[in-house]
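Trainee: Under my numbering, the sequence shown has 140 at position 52, and the numbering climbs by one with no breaks.
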Amino acid sequence: FKLNKNSHLILFIILLNLCCNKDEFNFPDTNVNFFIYPNNPSSEGLHFPGGTLNIEGGVNGIIIFHDYLDNYIAYDRACTNNPLLSCEQVNLDTESINILKCNCCPSNYLIFDGSVVNGPAQNSLKRYNTSFDGIVLRIFN
89 FKLNKNSHLI LFIILLNLCC NKDEFNFPDT NVNFFIYPNN PSSEGLHFPG
139 GTLNIEGGVN GIIIFHDYLD NYIAYDRACT NNPLLSCEQV NLDTESINIL
189 KCNCCPSNYL IFDGSVVNGP AQNSLKRYNT SFDGIVLRIF N
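(1) Could you check if Ile223 is buried or exposed, using at least 16 other CB atoms within 10 Å of its CB as the buried criterion?
(2) Beta-carbon separation of Leu168 and Ile151 under 8 Å?
(3) Per DSSP, which residues does Ser219 bridge with? Please list them.
(4) Alpha carbon to alpha carbon, how far is Val205 from Asn196?
(5) Assuming Ile199 and Phe136 are in contact, meaning their beta carbons sit under 8 Å apart, how far apart are those beta carbons, in whole angstroms?
(6) List the DSSP bridge partners of Ile124.
(7) When you compare only the Cα positions, how much space is there between Phe122 and Pro208?
(8) Tell me the start and end of each unbroken beta strand (DSSP E) in the region 175-220 that is at least 3 residues and wholly inside, in chain order.
(9) Are Val147 and Asp164 closer than 8 Å when you measure CB to CB?
(10) In the DSSP assignment, the beta strand (DSSP E) including Asn170 goes from what residue to what residue?
(11) With DSSP run on the structure shown, which of helix, strand or coil describes Leu141?
(12) Could you check if Tyr125 is buried or exposed, using at least 16 other CB atoms within 10 Å of its CB as the buried criterion?
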């Protein structure tokens, strides 16, 4: 079996690609498509800006934040340090407002954009798309 010049180039590119992508963070894939009614009593945490609501779904649950500009932001609650561990789940920090804190490791995230405040996590929280028509909030990817 003999490789020609083009075969060597293709093989080199494939190997280079495999080597360079090993540090790339890949959050686990999951289908998200939920509808919430923020004004219903069951969604009490979303009635006013600054409020949050935890729901099932995503990889390790979803936290919805009603921001101060009257928008809704949704993150997967899975800590990016090790998203497949069930204990690695973020919650609103009761001592530091606007911080999401991991239950398992010392990672903290800013609630406004999901960015890491301190680690060991190095990647922002997984953010889902949201759309709100005044009645129904859709959370999807």
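Backbone N, C-alpha and C fix where the C-beta goes; we use that ideal spot for every residue, glycine too.
Mentor: Quick answer:
(1) Here residue 223 refers to the residue found at position 135 when the sequence shown is read from its first residue. By the 10 Å Cβ count, Ile223 comes out exposed.
(2) Position 80 of the sequence shown, counted from the first residue, corresponds to residue 168. Position 63 of the sequence shown, counted from the first residue, corresponds to residue 151. The question names Leu, but residue 168 is Thr in the sequence shown. In this structure, Ile151 does not lie closer than 8 Å to Thr168 by Cβ.
(3) For the purposes of this step, residue 219 is identified with residue 131 of the sequence shown, where counting begins at 1. Its beta-bridge partners are Arg226.
(4) Here the question's residue 205 lines up with position 117 in the sequence shown. Here the question's residue 196 lines up with position 108 in the sequence shown. Rounded to whole angstroms, Val205 to Asn196 spans 5 Å at the Cα level.
(5) Reading the sequence shown from its first residue, position 111 is the one you call residue 199. Reading the sequence shown from its first residue, position 48 is the one you call residue 136. Between the beta-carbon of Ile199 and that of Phe136 there is about 15 Å, and that puts the pair past the 8 Å contact cut.
(6) Walking along the sequence shown from the start, residue 124 turns up at place 36. Beta bridge pairing from DSSP links Ile124 with Leu225.
(7) Residue numbering aside, residue 122 sits at position 34 when the sequence shown is read from its first letter. Residue numbering aside, residue 208 sits at position 120 when the sequence shown is read from its first letter. Phe122 and Pro208: Cα-Cα distance of roughly 30 Å.
(8) Positions of the beta strand (DSSP E) runs, each at least 3 residues long and wholly inside the region 175-220, are given as 178-180, 187-190, 196-198, 204-206 and 215-220 in order along the chain.
(9) Translated into the one-based positions of the sequence shown, residue 147 becomes position 59. Translated into the one-based positions of the sequence shown, residue 164 becomes position 76. Val147 is a Cβ neighbour of Asp164, given a cutoff of 8 Å.
(10) One-based indexing of the sequence shown puts residue 170 at position 82. Careful: Asn170 lies outside any beta strand (DSSP E) and carries neither H nor E.
(11) Position 53 of the sequence shown holds residue 141. Leu141 falls in the strand class under three-state DSSP.
(12) Position 37 of the sequence shown, counted from the start, is the residue given in the question as residue 125. Counting Cβ neighbours within 10 Å, Tyr125 comes out exposed, since fewer than 16 surround it.
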